[in-house]
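The listed protein sequences correspond, in order, to chains A and B.
With the working numbering applied, the first sequence covers 14 to 357.
With the working numbering applied, the second sequence covers 1036 to 1182.
In this text, a Cβ means the ideal position worked out from N, Cα and C, and glycines have one as well.
One structure below.
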Amino acid sequence: MVEKHTVLNVEAVSFDTDNPRIKKALEKYGGQLNAERIHFALRSATDGNKGASSYSQLKDAILASGGVIFPITVIVKGNGYVCIDGNTRLAIYKQFLKESVDGSWSEIKAVVLDNADQRVIEIVRVSAHLVGAREWPAYEKARYLHYLRNSKFMEYGELIALCGGNKLGIERQIDAYHDMNEYYRDVVDDTAFHIDRFSGFVELQKPRIKEAIFEAGLDLKDFGEWIRDGKIYRLEDVRQLPKVLRDDKAKETFLAGGPRSIETAVRLLDQQAEKALDQKDSEITLETASVYQLAEVLARRINDLPYSEVRALKDKERDNVAEQISTLEDLSARLHGLLEDVSE
Amino acid sequence: MSQSDLHRHLVIQVVNALEARCPLLSFVADVQQKPGDAVPPLIDGFRPDVYASKESSRSIVIAEAKTDGDLKRKHTGNQIVCFVEYLEQKRNGFFVLSVTGCGANRAKTLLRFVRQVTHATTTAIAVFDGCDFWLLDSSDGATWHLS
């Protein structure tokens, strides 16, 4: 394989429709895929929680420096090129060109890989996407890890060397991807396959969740249906399954209920626990309660926080809002630190 | 972009897209340019971001814009349920949720459950992701199609 550094006309370079970052997002267009939609998928392909503005940050950076610092990587296809690393940078150049933004956007720095085999292309993609600075949707990432592990037979050691992390983390992502496709995809039409439900399947891989399902005489197909039917809507509620399934009344409430029934079941358990606590020890105060008792109550209170209070915090309606937000941020940082110390 | 600027952007983007598709609709949006500008009516205590109607066909369109963070709030679900139930009482109702590209999947999930809860059958329900309108299939209430 030969690497050639050059400058290419952006019109001669096509987007990579096998780009793992947007592969799933493009599937939904079927035969109606066009350049505008690929461009849109690239703009939107970030982890919604962490990197919603990363496209615009990159755009601002390219505009400020008058061009890309690192060249894109392309392979030759037919009379043109396909970009295997740097599709977002290419999209930004194409956008600037279309909008006649001041500057030189018709040509872009590129590395052309001549005669690259599929494995080399995958290695470039891994380095570009899995190790890249820009966050991307968790489902797409897991799908790509699953592909590298099960279709390209990449060893865990190799995956860890390339993308960092640990074996357990990578295994959980791959298993979550497998379970979602096995127990969720099968029961819904493909256009109803909502990848935002993926983190529910990541939660499913955590200790004791699957055991709790099996011990209750249920199976993972049931789990797929709970996610599909919205009985579990907030995906962090997957963690509540062991205690819900252990209690007959809560289990019945959850299984017989409609959308969000797990929340009703958890409320039922909370009421039972509160009642038991009242009977057992009415002497508990904020100071004497254990961290776990406080955490349970706090989680419930945050969940039930009236929208008026959320708005008051958001719009800084009171003088002491800054102080209140700072208290919550302090709690969040300490909790995060503790969980990092004790998590597997 | 701040959350309120983003929200305003989502409102304007859906108005522009709806105007391009249905030029005969008359719009009232909750983005007042100057004091005294009309605002959408209150519906069960909630004011939608966009209210549009077409006299000749008695169609009503309600659009609501939500940032990614707003989509996670219970309040959002309650608000949309009210709008869809209101439209269900009209003859030609159309509800659109305008979101960012990143929030489109979450928005689709939310609307699927809204439809389940409201048992809406006559109201068309769609997500506008900034590029396309995605229409929820009225027969199965689970699949989405480009509109």
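For B/Q1151, the nearest beta carbon of chain A is closer than 8 Å to its own beta carbon. The beta carbons of A/V87 and A/A54 sit no closer together than 8 Å. When Cβ-Cβ separations below 8 Å define contact, A/Y246 makes contact with chain B.
Contact note: A/D209 reaches chain B through N1140, R1141 and T1144, using a C-beta cutoff of 7 Å and chain order. Counting every other CB atom within 10 Å of its CB across the protein chains shown gives A/E276 a total of 16 or more, marking it as buried. Excluding residues up to 5 positions away in sequence, D1167 and W1169 lie with their Cβ nearer than 7 Å to the Cβ of B/L1181 in the same chain. Residues of chain B whose Cβ lies closer than 8 Å to the Cβ of A/Y94 do not exist; the shortest such Cβ separation is about 25 Å. Between the alpha carbons of A/K90 and A/L21 lies a distance of about 14 Å. Around A/I240, the same chain offers Y197, R210 and G213 as residues with beta carbons nearer than 7 Å, after the five sequence neighbours per side are excluded.
Listed along the chain, the chain B residues whose CB falls inside 8 Å of the CB of A/P272 are F1148, Q1151 and V1152. The shortest C-alpha to C-alpha distance from B/N1127 to any of B/R1093, B/F1081, B/I1078 and B/Y1121 is the one to B/R1093. The Cβ of A/G243 sits closer than 8 Å to at least one Cβ of chain B.
Of the candidates A/N163, A/L281, A/I35 and A/L248, A/I35 places its Cα closest to the Cα of B/G1136. The closest CA to that of B/V1116, considering only B/A1052, B/R1108 and B/V1149, is found on B/V1149. For the pair A/P272 and B/Q1151, the CB atoms are nearer than the 8 Å cut-off. The beta carbon of A/D332 sits closer than 8 Å to no other beta carbon from its chain once the five residues preceding and following it are set aside. CA-to-CA, the gap between B/L1045 and A/L231 works out to about 43 Å. Cβ neighbours of B/K1125 within its own chain (closer than 6 Å, five residues either side excluded): I1095.
Close partners of A/F83 in chain B (Cβ separation under 7 Å) are lacking, with about 24 Å as the shortest Cβ gap.
Contact with chain A is found for B/C1137, since one of that chain's Cβ atoms lies less than 8 Å from the residue's Cβ. In this structure, DSSP gives B/T1156 a state outside helix and strand, which the three-state scheme calls coil. A/I105 and A/L161 do not touch by the CB rule: their CB atoms are close to 27 Å apart, not below 8 Å. Proximity to A/A278 across A/K327, A/E184 and A/K256 peaks at A/K256, based on C-alpha coordinates. Around the CB of A/P150, 16 or more other CB atoms lie within 10 Å, so the residue is classed as buried. Collapsing the DSSP output to three states places A/W118 in coil.
Counting every other CB atom within 10 Å of its CB across the protein chains shown gives B/F1129 a total of 16 or more, marking it as buried. In terms of beta-carbon proximity, A/Y160 stays away from the interface with chain B, with every pair separated by 8 Å or more.
Note: A/T19 is bridge-paired with A/A123 in the DSSP secondary-structure output. Per DSSP, the continuous alpha helix (DSSP H) segment holding A/D235 begins and ends at L233 to D242.
Among the residues of chain A, those whose CB is under 8 Å from the CB of B/R1108 are Y320 and V323, following chain order.
Interface residue (Cβ-Cβ distance to chain B less than 8 Å): A/R56 is classified as such. When the alpha-carbon of B/T1111 is set against those of B/V1049, B/L1060 and B/S1133, the nearest one is in B/S1133.
The beta carbon of A/Q186 does not come within 8 Å of any beta carbon belonging to chain B, so the residue lies off that interface. DSSP places A/Y197 in the coil class of the three-state scheme, outside both helix and strand. Each of B/F1081, B/D1103, B/L1060 and B/L1053 was checked against the Cα of B/H1042, and the nearest Cα belongs to B/D1103. The DSSP-derived three-state label of B/C1117 is helix.
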